[in-house]
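**Q** In our numbering, the protein residues as written are 71 to 202. Ideal Cβ positions, reconstructed from N, Cα and C, are used throughout, including at glycine. Treat the numbers as computed from the prediction; the structure is a model and nothing was measured.
1) Less than 8 Å between the beta carbons of residue 124 and residue 134, yes or no?
2) Please state the DSSP three-state secondary structure of residue 78.
3) Alpha helix (DSSP H) containing residue 155: first to last residue?
4) Would DSSP call residue 186 helix, strand or coil?
5) Quick one: grab the DSSP three-state call for residue 140.
6) Just the Cα atoms here: how many angstroms apart are residue 159 and residue 167?
Following this line, the structure appears as structure tokens:
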């Protein structure tokens, strides 16, 4: 890394700009406990308007019509919603790999042993720990 002659000077100016004097006092902020216009003509400012119907507060029929048309005919919005659903499903699938899985299989076979065969015992133990 190559330094030129101005680097120490610039660094010292930056550090000097961050210094405060020994008599520094933080400014006092006067913030009240309530908002200035929290109550306007009987409307509570803290009342939450539903995000899905914010335009109804304007009471404009044309705006209502435009928003309804945009919601029903907006293909890009529908595609985005489907992509969100697909991403959530993918995330659930990925999360499912973090927990161990347990599976159980059972099977039975039946066959007739000939009376002429000597006595024989067969067994098979198959343990699959999922290490394939």
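**A** So, to answer that:
1) Contact: no.
2) Three-state result, residue 78: helix.
3) For residue 155, the enclosing alpha helix (DSSP H) begins and ends at 145-166.
4) Look at residue 186 here: in three-state DSSP terms it is coil, with no helix or strand label.
5) Looking at residue 140 - three-state DSSP - the assignment turns out to be helix.
6) Their backbone Cα atoms lie some 13 Å apart in a straight line.
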